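Chemist: Read in order, the letters of the sequence shown correspond to residues 1 to 304 in full-length UniProt numbering.
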Amino acid sequence: MFAGKNPQNLQHKRNRRFSSSNNLIKPSLEGKQEMHMLLFAATPALRMAPPVMQVRDQVARTGVNRIDTGRYSGGVVPTRTPTGELVVPVQGGSLRTWSFRSPAVEQVQVVLSTEGRPLDADVELWHGPDNTPCKMRVYCENGELRPFSAVIETPRGPNTIAIRNIGQLEFPFAATVSAERVGQPTEECLASSKVVQGGALRTYAFDPRVDSVQVLLKTDGRPLNARIELLQGPNNNKQVIELYTEDGLDRPFLCFLETIGSGNVVRVVNTSPVEFPMTASVVPYVINENMAVNDVVVGGDAGW
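(1) Where does residue 305 sit, in a helix, a strand or coil, going by DSSP?
(2) Where does the unbroken alpha helix (DSSP H) through L190 begin, and where does it stop?
(3) Using CA coordinates, which residue listed in A280, I260, A175 and S102 is at the minimum distance from N288?
(4) From the DSSP secondary-structure annotation, give me the bridge partner or partners of V151.
(5) Going by other Cβ atoms of all chains shown within 10 Å of its Cβ, with 16 needed for buried, is Q214 buried or exposed?
(6) Using the Cβ count rule (16 or more neighbours within 10 Å means buried), how would you classify N131?
(7) Measure the C-alpha to C-alpha separation of P89 and D250 and round it to an integer number of angstroms.
(8) Do the CB positions of T271 and R227 come within less than 7 Å of each other?
(9) Quick one: grab the DSSP three-state call for E242.
(10) Between the region 175-184 and the region 92-111, do at least 3 Cβ pairs fall closer than 8 Å?
(11) Residue range of the beta strand (DSSP E) that R156 falls in?
(12) When the Cα atoms are used, what is the spatial distance from P118 to Q91?
(13) For K238, does the count of other Cβ atoms within 10 angstroms reach 16, so buried, or fall short, so exposed?
(14) Thinking just about the alpha-carbon of each residue, which of G116, V195, F206 and G128 is nearest to the one in P158?
(15) Please report the distance separating the alpha-carbon of S262 from that of R101.
(16) Span of the beta strand (DSSP E) holding F173?
(17) How is E100 classed by DSSP in three states: helix, strand or coil?
(18) Using the Cα positions of P284 and Q184, report the straight-line distance between them to the nearest angstrom.
(19) Please classify E170: is it buried, with 16 or more other beta-carbons within 10 angstroms of its beta-carbon, or exposed?
(20) Can you grab the Cα-Cα spacing for the pair N225 / M291, in whole Å?
(21) Relative to the C-alpha of S99, which residue among Y139, G116, I163 and V138 is closest?
(22) Return the residue from the list M278, R96 and A104 that minimises the CA-CA distance to K194.
(23) Specify the secondary structure class of L125 as computed by DSSP and reduced to three states.
(24) With burial defined as no fewer than 16 other Cβ atoms inside 10 Å of the residue's Cβ, what is the status of S281: buried or exposed?
(25) Could you work out which residue in Y244, L230 and E275 is closest to V196 when comparing CA atoms only?
(26) Contact check, R267 vs L243 under 8 Å by CB: the rounded distance?
(27) In this structure, what does DSSP give as the bridge partners for R267?
(28) What residues in its chain sit with their C-beta under 6 Å from that of residue 306, if we drop five residues either side in the sequence?
(29) Is it true that the CB of F173 sits closer than 7 Å to the CB of T245?
(30) Please classify R222: does DSSP put it in a helix, a strand, or coil?
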């Protein structure tokens, strides 16, 4: 089959074919490299400044003034003036609640007032589901002259204050519940407490110069059931508070009563059995020093 053919010639032909195939491949690779070079040449090079290190001495020599940032502090600037506590109207037969989720709120002050009409309300403290550690029934003959003001202990939040107007629709009142600027008992009030046994009562008469009194009730950890009455004249109740507290040591009760006019008497009754005594302190809070003892008093509800 291969007669007459030189094997060296065949090997030479094969080498020529292989070299020719390599020559066909090389131009394609060189073309790709040229295309990449053209793309890089079309893109402008980014010129960046070389990094320069500045030493403290060099900065001082250049005369650059440093700003002391310790004199400046960030904060939010209010754009409106504070409006104070929010006064919420409570219509007859309606319920309003105030929730305090923060455990930092340990006391709140509740103030109820009207425009001269009677005030009849239920005030409760809710701590958890179906748990009412403190509740009271409040009645005022005139909510404008004698508003209800009391401090309720709210330890271990969250807590909710519930106020219900149990009066008729024609007798609304305004309610304010605040956790700031809460009233505190004076040193005289803390030092003048007396024991009131279960079922007993104590009365405290005040001079006409006394404009308001403070009442503090507490126990040694037992439940507290009491009734506080403000009388002006024989059996003439101007304000009545019926109180219940499950722990009189953890949740003492403090309230402020307006004693306008003369003949004001505060009566404190321990409605618990004899096994549950309590301590009561009733002392003047605001005294009108400008009033003389011999001044004429016109009407029991007249102001000075």
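We put the beta carbon where it would ideally sit given N, CA and C, even for glycine. Here the structure is a predicted model, which means the values were calculated and not measured.
Modeler: This is what the structure gives:
(1) The structure shown does not extend to residue 305, since the chain is modelled only from 1 through 304, so no value can be given for it.
(2) E187 to A191
(3) I260
(4) Q109 and L254
(5) buried
(6) exposed
(7) 31 Å
(8) yes
(9) strand
(10) yes
(11) Here R156 belongs to no beta strand (DSSP E), and DSSP marks it neither H nor E.
(12) 13 Å
(13) buried
(14) G128
(15) 43 Å
(16) F173 to S178
(17) Contrary to the premise, residue 100 reads as Phe rather than Glu in this sequence. Strand.
(18) 13 Å
(19) exposed
(20) 37 Å
(21) I163
(22) M278
(23) strand
(24) buried
(25) E275
(26) R267 to L243, Cβ: 13 Å. No contact.
(27) T203 and E229
(28) In the structure as shown, the chain begins at 1 and stops at 304. Residue 306 is therefore absent and cannot be evaluated.
(29) no
(30) coil
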